[in-house]
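Structure record follows, encoded as structure tokens.
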Amino acid sequence: MDPTTSVQPTSMPRIGDKAPAFKAVTTQGETNFPEQFAGSWVILFSHPADFTPVCTSEFMTFATLEPKFTEANCKLVGLSIDGLYSHIAWLRTIKEKIEYKGMKNVEVTFPLIEDITMEIAKAYGMIQPGESSTKAVRAVFVIDPKGIIRTIIYYPLSLGRNFDELYRVIVALQTADQFKIATPADWRPGDDVIVPTAGSCGVAKERMENKEAMHCYDWFFCTKKLDKETVMKAVTGK
Ligand code: BEZ
Numbered sequence: 161m162d163p164t165t166s167v168q169p170t171s172m173p174r175i176g177d178k179a180p181a182f183k184a185v186t187t188q189g190e191t192n193f194p195e196q197f198a199g200s201w202v203i204l205f206s207h208p209a210d211f212t213p214v215c216t217s218e219f220m221t222f223a224t225l226e227p228k229f230t231e232a233n234c235k236l237v238g239l240s241i242d243g244l245y246s247h248i249a250w251l252r253t254i255k256e257k258i259e260y261k262g263m264k265n266v267e268v269t270f271p272l273i274e275d276i277t278m279e280i281a282k283a284y285g286m287i288q289p290g291e292s293s294t295k296a297v298r299a300v301f302v303i304d305p306k307g308i309i310r311t312i313i314y315y316p317l318s319l320g321r322n323f324d325e326l327y328r329v330i331v332a333l334q335t336a337d338q339f340k341i342a343t344p345a346d347w348r349p350g351d352d353v354i355v356p357t358a359g360s361c362g363v364a365k366e367r368m369e370n371k372e373a374m375h376c377y378d379w380f381f382c383t384k385k386l387d388k389e390t391v392m393k394a395v396t397g398k
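Residue 238 in the numbering used here sits at position 78 of the sequence shown, with consecutive numbering throughout.
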């Protein structure tokens with residue numbers, strides 16, 4: 161990692177912060193993060209170690225789903241505390257030897273960062289000593305096209321991530337931004353969305369009286385329809 165970059169030795173970024181910047185070596189060449197990804201959504205995720213079973217299942221799943229993320233203007237970037245040659249050897253083994261749940265010949269084409277110094281992992285709060293002081297936990301940072309952290313999820317070493325959920329997060333964040341709404345529990349494209357809470361007594365009254373445009377469970381909790389086609393067109397352009 162380039163010592164002139166702005167990351168701090170140990171920190172815990174928060175939602176709404178600018179993603180800590182760094183330069184690093186990856187399996188796809190050097191990266192200047194997050195600047196290189198300006199204009200795209202990015203999922204920066206860490207895994208504990210190369211040549212481990214949970215991580216292998218995760219990489220095969222994520223690589224298989226990558227086209228869906230690309231369609232949603234979202235790039236994937238992995239990181240672990242292993243070196244570049246370990247990363248390359250592991251990804252080659254995955255492609256050449258591993259068949260898992262119908263996935264085989266899986267080529268991981270998204271960049272995997274080497275972070276043997278742990279500087280990036282520390283800057284992103286990926287080292288959580290109660291879990292391990294030498295391996296990154298399974299962290300997920302969703303970063304928007306302006307380089308702002310929009311979602312953070314941490315999983316322990318033993319728990320493989322749900323990549324359908326990560327795709328749902330990308331779609332939900334983009335839908336919230338574009339349509340100025342919020343998404344309720346377990347929302348999926350096509351489900352009703354939440355209209356921002358009324359900010360005045362007049363608006364609250366109007367909403368309770370106007371039964372057509374939205375459905376109000378009470379004055380502070382109103383939903384409206386947003387069909388799946390409209391959501392997916394906004395996210396994928398199709
Ligand atoms: C795994 O990916 O299988 C794994 C890695 C570190 C600790 C536990 C499991």
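Positions of the beta carbon are idealized from the N, C-alpha and C atoms, including for glycine.
Only a predicted model underlies this, so the values are computations on that prediction, with no experimental measurement involved.
- Using three-state DSSP, classify residue 280 as helix, strand or coil. helix
In chain order, what residues of the same chain have a beta carbon less than 6 Å from the beta carbon of residue 380, not counting five sequence neighbours either side? 357
### Task
Measure how close the beta-carbons of residue 241 and residue 302 come, nearest whole angstrom, since I'm counting them as under 8 Å.
Going by Cβ atoms, the distance from residue 241 to residue 302 rounds to 22 Å, so no, they are not a contact pair.
Just to confirm, does residue 208 get its C-beta within under 7 Å of one of the non-hydrogen atoms of ligand 1? yes
ask   = Rounded to a whole number of angstroms, what is the C-alpha to C-alpha distance between residue 269 and residue 225?
value = Distance from the CA of residue 269 to the CA of residue 225, rounded to the nearest whole angstrom, comes to 12 Å.
Practice prompt. Drop a sphere of 10 angstroms on the beta-carbon of residue 344, count the other beta-carbons inside from all chains shown, and report buried for 16 or more, exposed for fewer.
Written response: exposed
Any contact of the segment 225-240 with the segment 310-328, i.e. 3+ C-beta pairs under 8 Å?
yes
**Request:** Report all residues from its chain with a CB closer than 8 Å to the CB of residue 354; omit the five preceding and five following residues, and keep chain order.
**Result:** 341, 342, 343, 344, 381, 382, 383
For residue 395 and residue 348, what's the separation of their Cα atoms in angstroms?
Computed Cα separation, rounded: 13 Å.
| request: Please confirm whether residue 247 and residue 291 have their CB atoms less than 8 Å apart. | output: no
* Just tell me which of 375, 189, 287 has its CA closest to the CA of residue 171. => By alpha-carbon distance to residue 171, the top candidate from 375, 189, 287 is 287.
Let's test the definition: count the other Cβ atoms within 10 Å of the Cβ of residue 367 and tell me whether it reaches 16, buried, or not, exposed. buried
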